[in-house]
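Q: The structure's right below; bear with me while I get my questions together.
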Amino acid sequence: MPGHSYDAEKYWKANLRLIFGSLIVWALVSYGFGIVLRPMLSGIPIGGTDLGFWFAQQGSILTFIGLIFHYAWRMNRLDKQFGVDEE
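The numbers in the UniProt record's numbering rise by one with no breaks, and the one at position 60 of the sequence shown is 60.
In structure tokens:
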């Protein structure tokens, strides 16, 4: 973009890496642990239920909330790194 001193292509690639990494973690936890690996995790007790059920009901939600905060924190660092942060 004219008038900007940052490398937009590198910034966008770093942003996409962060997005795809977050989506992979979210899919692994919600789909992988909650559905695919549930039979393997059924023998591990946590909070009065088995670990597979916990991931399907609570773990994926908590992971998603954690990913939101992680994404915001990393994007703020990325913005500062490329000089496009809000000051």
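Just so it is clear, CB atoms sit at the ideal spot from N, CA and C, and this is done for glycine as well.
Does DSSP put ILE44 in a helix, in a strand, or in coil?
A: coil
Q: So, helix, strand or coil for ASP7, using DSSP?
A: It is coil, neither helix nor strand.
Q: Can you give me the Cβ contacts of ARG77 inside the same chain, cut-off strictly under 7 Å, excluding the 5 residues immediately before and after it?
A: Same-chain partners within the cutoff: there are none.
Q: Across the segment 66-75 and the segment 48-57, are there enough close Cβ pairs to call them in contact, namely three or more that are closer than 8 Å?
A: As far as the Cβ criterion goes, the segment 66-75 does not touch the segment 48-57, which means the pair count is below three.
Q: Identify, in the order they occur along the chain, each residue of the same chain with its Cβ nearer than 7 Å to the Cβ of ASN15, setting aside the five sequence neighbours on each side.
A: Once the five neighbours on either side are set aside, the close Cβ partners of ASN15 are LEU78.
Q: Tell me the DSSP secondary structure of ASP79 in three-state form.
A: helix
Q: When DSSP builds the beta bridges, which residues end up paired with THR49?
A: Its beta-bridge partners are ILE46.
Q: Leaving out the 5 sequence neighbours to the left and right, which residues in its chain are closer than 6 Å to THR63 when beta-carbon positions are compared?
A: VAL29
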